[in-house]
Amino acid sequence: MWRYLGRRLLVSVVTVAGIVVVVFFIMRVLPGDAAAVRAGPYASEEKLEQIREQFGFSDPVPVQFVNYVKDAVTGDLGTSIRTGGEVTEELLIRLPASLELAFYSVLLAVVAGVPVGIAAAARRDTWIDRAARVVAVLGSSMAFFWLGLMLTFLFFFKLGWFPGPVGRLAITTQPPETITGFFTVDAALAGNWGLMGEAFSYLALPAVTVGFVLSAPIIKIVRSSMIEVLDSEYVRTARALGVRRREVLFRDGFRNALIPVTTAIGIIFGYMLGGNIIVELIFAWPGVGRYAYEALRVNDLEALQGFVIVVGLLYIVLNVVIDFIYSWIDPRIKLGQKVVA
Amino acid sequence: MPAESQSGASERFVPPRIDGGATARSLVSRKPLAVVGMVILAVYIVLAAVGPFFVTDPVATDPPNALLAPSLEHPMGTDNFGRDVFARAVHSARLDLTLGILIAMCAMVIGSAVGVVAGYWGGAVDETLMRLTDIVLAFPGFVLALILVAVLGNSTLNVGIAVTAAFVPYFIRLTRAQALSERELEYVDGAKLAGNRSARVAFLHVLPNSLQPSLVTATLVAGWAILTVSGLAFLGVGIKPPTAEWGVMVSEGARDIDAGHWWTSFFPGGMIVLAAMAFHFIGDEFGGREA
Amino acid sequence: MTLLEVAGLTVGVTRSPTSILANVSFSIPAGKIVGLVGESGSGKTMAALTIMGLLPDGIEVRSGRVRMDGRQLMDPANLTLRRRSEDMAMIFQHPQAALNPTMKVGRQIARVFSLQQGSGRSEAMSQSIEMLRRVGIPGATRVAQAHPHQLSGGMCQRVMIAMALACRPRILIADEPTTALDVTIQAQIFDLIRDLVAETGAGVLFITHDLAAVAEMCDSVTVLFGGQVMEEGSRDDIFRRPQHPYTSFLLDSVQQEVDPDVVEAGVDFELVGCRFGHRCRYAWEACGEVPDLFSVGAGHRSACFLHTVGENRVGTS
Chain A
12 MWRYLGRRLL
22 VSVVTVAGIV
32 VVVFFIMRVL
42 PGDAAAVRAG
52 PYASEEKLEQ
62 IREQFGFSDP
72 VPVQFVNYVK
82 DAVTGDLGTS
92 IRTGGEVTEE
102 LLIRLPASLE
112 LAFYSVLLAV
122 VAGVPVGIAA
132 AARRDTWIDR
142 AARVVAVLGS
152 SMAFFWLGLM
162 LTFLFFFKLG
172 WFPGPVGRLA
182 ITTQPPETIT
192 GFFTVDAALA
202 GNWGLMGEAF
212 SYLALPAVTV
222 GFVLSAPIIK
232 IVRSSMIEVL
242 DSEYVRTARA
252 LGVRRREVLF
262 RDGFRNALIP
272 VTTAIGIIFG
282 YMLGGNIIVE
292 LIFAWPGVGR
302 YAYEALRVND
312 LEALQGFVIV
322 VGLLYIVLNV
332 VIDFIYSWID
342 PRIKLGQKVV
352 A
Chain B
310 MPAESQSGAS
320 ERFVPPRIDG
330 GATARSLVSR
340 KPLAVVGMVI
350 LAVYIVLAAV
360 GPFFVTDPVA
370 TDPPNALLAP
380 SLEHPMGTDN
390 FGRDVFARAV
400 HSARLDLTLG
410 ILIAMCAMVI
420 GSAVGVVAGY
430 WGGAVDETLM
440 RLTDIVLAFP
450 GFVLALILVA
460 VLGNSTLNVG
470 IAVTAAFVPY
480 FIRLTRAQAL
490 SERELEYVDG
500 AKLAGNRSAR
510 VAFLHVLPNS
520 LQPSLVTATL
530 VAGWAILTVS
540 GLAFLGVGIK
550 PPTAEWGVMV
560 SEGARDIDAG
570 HWWTSFFPGG
580 MIVLAAMAFH
590 FIGDEFGGRE
600 A
Chain C
9 MTLLEVAGLT
19 VGVTRSPTSI
29 LANVSFSIPA
39 GKIVGLVGES
49 GSGKTMAALT
59 IMGLLPDGIE
69 VRSGRVRMDG
79 RQLMDPANLT
89 LRRRSEDMAM
99 IFQHPQAALN
109 PTMKVGRQIA
119 RVFSLQQGSG
129 RSEAMSQSIE
139 MLRRVGIPGA
149 TRVAQAHPHQ
159 LSGGMCQRVM
169 IAMALACRPR
179 ILIADEPTTA
189 LDVTIQAQIF
199 DLIRDLVAET
209 GAGVLFITHD
219 LAAVAEMCDS
229 VTVLFGGQVM
239 EEGSRDDIFR
249 RPQHPYTSFL
259 LDSVQQEVDP
269 DVVEAGVDFE
279 LVGCRFGHRC
289 RYAWEACGEV
299 PDLFSVGAGH
309 RSACFLHTVG
319 ENRVGTS
């Protein structure tokens, strides 16, 4: 077990190192004058020179690389030319907003997608199954920006059921004292139920937008792994010995189907950790995705590069966590071999 | 009479069989969703191929007729510059569909070639290539494409390159796995014994047999590529206004929506989703059970 | 005394004219072991799943009767099978695959006790350990805490049998129970099944393609091919006085080389008449129809037109 764990960690470290290197090459070595990109189209020659000096672009590439790696290892992702702040710090401030949205989106996707997937598997080739497949295809074909826009139009402008796209809370509302960074949790911890309700109402539309799209892969995976389990010999045994259909479905079926489902949820959550640039833009959500968008608009490459590194890192960390969850669900795996879905 | 005819197969009694055997069922009843996808896709392709010759100029403005609601004359209404939304959507169909299909094809060709190399030769080549795809796959495809366009600069070609790069790793993984199992099969040994060099064996024998799952994935990727391209355009990355492109149109239309002018964003966005669905229906049905 | 009676069972693929089982009948007396014999694809397992009410999707019962002690198990109106779990229990070919991989084996047996007798959790657990002892598992308390992947195949088959016995079934269906196990384990499992028959008086439907196992275990035998009953009779009838060309072929195939054309022809489910027709060296025009089962001795019947022309002994060579 420890050997496996060691190997797993080693691979992760290699991947993380790879991410850092790849980002460096994308940002500095690809065609185009990095200084010119940073300075904008109308910069004077002196200004360009000054930027080259400031960012060390006049140094040879290997020297740039060593400096960059040294900084990255110590957690220094540079300074944003847009805000003048430390990129690492600015990302950390914005991360909780993205994580809260990601958490509730994935939660919604699981809560909605798992029952639909189970129903589709249990009633294979009926209209329920076909409807579930159409929903899954609709979800995986959905454009975030269009769904977000249409939901806002319908539920804010037309019906007025949910607040408009202005962020995590109304502009006039004082956010709760930071404990976890999740407004819903912090408000509850402060006993401020009204504030918690408000936080939820602002979360609703963006979380539904993302949750709907994410439910598609969950429906597909739950369906196919449930079908595999329901067709298995041990489910046939349970039925042969008089175990009721409902118990077979949930006790034998679901627990075994959970293994591939965990992988799927992990991967999806991993992708969401980096925030969703489009959804954060539409709903003015102050997370890392929106930070990346703002950086992109003014060619703030330091900030963008920091964002990319953080996204990659979080993804890798999550993957290791999932490996641990596996061994808890499936007694056959003692962190030895992975079960492929 | 019961003759003990042991003399040969030709004289053996041939028993009668059920007429027709198992009834052949049409594609419509076996894969109804794939047929739906193909029909939608066919409509899009016709629209993209001949539509632009029949509609008005997609970029010419006509301010007096700005923001007209959908009518017979303007089936999808007009935008805030008075441009016909339907005309723009039709022109965009040509652009987005071409991009989506080309990206999927390029990603498949590049990814399959690299995947065969990794899977067939194995060893250090394989290990290196797999670590590289691990790294690339650690980023959401959209973020990767976004960064690449940001660095390469805004142009339709660069969008194509960036989105292709984001999808290549999927094909590498897929083809490598196929190649790994294919190379164990006997026909590869046979081809080698027949004196073929290993490069020839890899590309001429292993690759064609690894192709089927790649084609299914390519169909799905064409759908995702359209979503990615239009998503980038929505953010103002890559394809820019006033080009008629679905994502650009939704982005521009978003400004009108709070005044109740929903059609400028609803229709182009709907076109994106429907196009992606068409590809997904086809890919899903032919991809069998895997997610 | 006949316990289970299956008559005229016809089972087919939904929306297809072919039938996987055609007019299959057999019966199981209390305290006896009845063999259901045939090569793979002959419909043995399908017959068992039908009377268990466990047919997979896409396979439907077209006609037939299943009676237990004179009580109808299959509703004649809609041909669905309703059985009580104390009527029948079944054990399967791959014992390891047949147990839930994420549940401890003790719990899996205890669950059956809870269902059968409404035993509480701890009571069911002690019953299940008791049952593990009864099927000859040493260290039953420890084994009860194990997951299936930690046990050997033979051990898993004992667990499987323990689960089946927890139902207190009057009929036990054993579908190739030892095919996946090695020979010494096979002998132990056979002993166990025989002991249980002697002890409980249950009837056993023993499904196998292994003629040696049939000779060792069964009181009577039904030979199945292509979903049709070829021949039925006592063990001695089948092994000493086979009447059907297929039975002879089957017996020959154990001892000597047989015509490879006959073996490789497989099963053709689209034949209108006798399914052995295209492989049978005696086949003639009459075989384009399905032969009845002709009585060829006391309790011994064979489905072949040869018996209509007086040539009622094919004989082994």
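Protein chains in written order, with the working numbering: chain A, 12 to 352; chain B, 310 to 600; chain C, 9 to 325.
No residue lacks a Cβ here, since even glycine has one placed at the ideal position from N, Cα and C.
Query	Result
Considering Cα atoms alone, identify which of Gln65/A, Asn267/A, Ile333/A and Gly253/A is closest to Ser236/A.	Asn267/A
Just to make sure I have the definition right: I need the residues of chain C whose C-beta is within less than 7 angstroms of the C-beta of Ala251/A. Which are they?	Met60, Leu62, Ala97 and Met98
What's the C-alpha gap between Arg150/C and Ser160/C?	14 angstroms
Just list the residues that DSSP pairs Leu62/C with in beta bridges.	According to DSSP, Leu62/C bridges with nothing at all.
If I measure Cβ to Cβ from Leu57/C and keep anything under 7 angstroms in the same chain, skipping five residues before and after, which residues do I get?	Leu63
What residues of chain A sit near Arg440/B, judged by a beta carbon separation below 9 angstroms?	Val22, Val25, Thr26 and Gly29
Count the C-beta pairs between the stretch 197 to 208 of chain C and the stretch 164 to 183 of chain C that are closer than 8 angstroms, then say yes if the count reaches three, no if not.	yes
Note down, in chain order, every chain B residue with its Cβ under 7 angstroms from the Cβ of Gly323/A.	Ala447 and Phe448
Whose C-beta lies closer than 7 angstroms to the C-beta of Thr332/B among residues of the same chain, with five residues either side of it excluded?	Unreliable positioning characterises Thr332/B in this predicted model, as indicated by a pLDDT of 47, which lies under 50. The coordinate reading is nonetheless provided below. Hits under 7 angstroms: none found.
Among the residues of its own chain, which have a CB less than 7 angstroms from the CB of Phe280/A, if the five just before and after it don't count?	Ala113, Val117 and Leu329
Go through its chain and collect everything with a Cβ distance to Gly234/C's Cβ below 6 angstroms, but skip five positions before and after it.	Val275 and Arg283
According to DSSP, is Gly147/C helix, strand or coil?	coil
Output the distance between the C-alpha atoms of Asp70/A and Glu64/A, rounded to the nearest integer angstrom.	8 angstroms
Going by other Cβ atoms of all chains shown within 10 Å of its Cβ, with 16 needed for buried, is Ser228/C buried or exposed?	buried
Are Thr370/B and Phe395/B closer than 8 angstroms when you measure CB to CB?	no
Is the separation between the beta-carbon of Leu136/C and that of Gly114/C shorter than 8 angstroms?	Position check: residue 136/C holds Ser in this sequence, whereas Leu was assumed. The answer is yes: Cβ separation under 8 angstroms.
If you draw a straight line from the C-alpha of Val42/C to the C-alpha of Ala132/A, how long is it?	37 angstroms
Measure the Cβ-Cβ separation of Leu29/C and Met54/C and say whether it is below 8 angstroms.	yes
Helix, strand or coil: which one does DSSP assign to Thr18/C?	strand
With which residues is Ser310/C paired in a DSSP beta bridge?	Glu239/C and Phe302/C
For chain A, is any of its Cβ atoms less than 8 angstroms away from the one on Met171/C?	yes
Report yes if the CB atom of Gly46/C is closer than 8 angstroms to the CB atom of Ser33/C, and no otherwise.	no
How far does the alpha helix (DSSP H) with Met76/C in it extend, from its first residue to its last?	It is not in any alpha helix (DSSP H) - Met76/C instead sits in the beta strand (DSSP E) that spans Ile67 to Met76.
Taking all protein chains shown into account, decide if Thr216/C is buried (16 or more other Cβ within 10 angstroms of its Cβ) or exposed.	buried
Give me the DSSP bridge partner(s) of Met96/C.	Ile179/C
Counting only beta-carbon atoms, is Gly296/C nearer than 8 angstroms to chain B?	yes
Rounding to the nearest angstrom, what Cα-Cα distance links Leu583/B and Leu106/A in this structure?	34 angstroms
Is Ala172/C near Leu180/C, with beta carbons less than 8 angstroms apart?	yes
Output yes if chain B places a C-beta closer than 8 angstroms to the C-beta of Tyr282/A; else output no.	yes
Tell me whether Thr192/C is buried or exposed, calling it buried when 16 or more other Cβ atoms sit within 10 Å of its Cβ.	exposed
Using CA coordinates, which residue listed in Gly124/A, Leu160/A, Gly317/A and Ala120/A is at the minimum distance from Val452/B?	Gly317/A
From the DSSP output, read off the bridge partner residues of Pro37/C.	Thr10/C
For a contact meaning CB atoms closer than 7 angstroms, what does Cys175/C contact in chain A?	Leu252 and Gly253
Any beta carbon from chain A within less than 8 angstroms of Arg142/C's own beta carbon?	no
Is Met237/A helix, strand or coil when you go by DSSP?	helix
Is there a C-beta anywhere in chain A that falls below 8 angstroms from the one on Met586/B?	yes
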